[in-house]
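Peer 1: When you read off a place in the sequence shown, starting at 1, and then add 613, the result is the number in the numbering used here.
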Amino acid sequence: MRLKPLPEAPTDLDAVADAQSAVPLVPGSENDCCARLMRREGHESRDVARTWLTFLRALELAEETDSGFKRTQREPTAENVRASFRERVFGASETLTVLREAEGPLAAEAVFDRLRDTVPGWERERRRQWVDHWTDRTERLLDWLVLLDLAEREEDGYVAG
């Protein structure tokens with residue numbers, strides 16, 4: 614299963630570790646977990662906290678059980694989450710493939726242009742400004758790829774790492 618929620622990339626993986634530590638060891642409801650993320654990490658809304666909770670699930674740093682959500686024992690290092698990011702975050706592997714197939718650096722807009730056909734039809738119908746939304750999402754994917762050392766940001770754009 615690939616998950617779509619994707620928060621803004623932080624400046625370092627310490628923020629991911631902090632978010633993971635805000636998820637309880639003993640399963641809690643989504644509301645409880647979001648409240649903890651808001652309180653501990655200062656997220657301004659429940660939507661942002663829920664995005665982080667789902668993203669942590671994608672990275673296999675949190676899991677949903679019959680009793681609620683809990684953190685896993687997996688360490689939030691780049692080495693530990695790279696494969697999960699590529700395989701479980703919607704668009705991550707496709708974005709990395711675009712970079713790998715490019716002959717040089719690509720700007721975020723150029724990466725999106727090459728990914729445009731992968732945007733599901735229901736997502737296109739969901740909002741009027743879907744291109745802007747998915748261009749922003751592509752920029753976030755690229756920032757996460759850089760943070761996880763799967764890509765590099767150069768003066769002219771992004772390249773595979």
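We put the CB at the ideal spot given by N, CA and C, even for glycine.
Should the region 688 to 698 be regarded as contacting the region 655 to 663, the criterion being three or more beta carbon pairs within less than 8 Å?
Peer 2: Result no; under three Cβ-Cβ pairs closer than 8 Å.
Peer 1: Please confirm whether Phe698 and Ala671 have their CB atoms less than 9 Å apart.
Peer 2: yes
Peer 1: For Gln742 and Glu722, I'd like the C-alpha separation in whole angstroms.
Peer 2: 15 Å
Peer 1: Taking Val724 and Tyr771 to be in contact with their CB atoms under 8 Å, please state how far apart those CB atoms are, rounded to whole angstroms.
Peer 2: 7 Å
Peer 1: Since Phe725 is in the beta strand (DSSP E), which residue starts that stretch and which ends it?
Peer 2: First-last for Phe725: Ala721 to Leu728, but that is the alpha helix (DSSP H), not the beta strand (DSSP E).
Peer 1: On the CB-based measure, 16 or more other CB atoms within 10 Å of its CB, does Gly774 come out buried or exposed?
Peer 2: It is exposed - the Cβ of Gly774 has fewer than 16 other Cβ atoms within 10 Å.
Peer 1: If you run the structure through DSSP and keep just helix, strand and coil, what is Phe703?
Peer 2: Residue state, collapsed to three classes: coil.
Peer 1: Tell me Gly681's beta-bridge partners as DSSP assigns them.
Peer 2: Thr678
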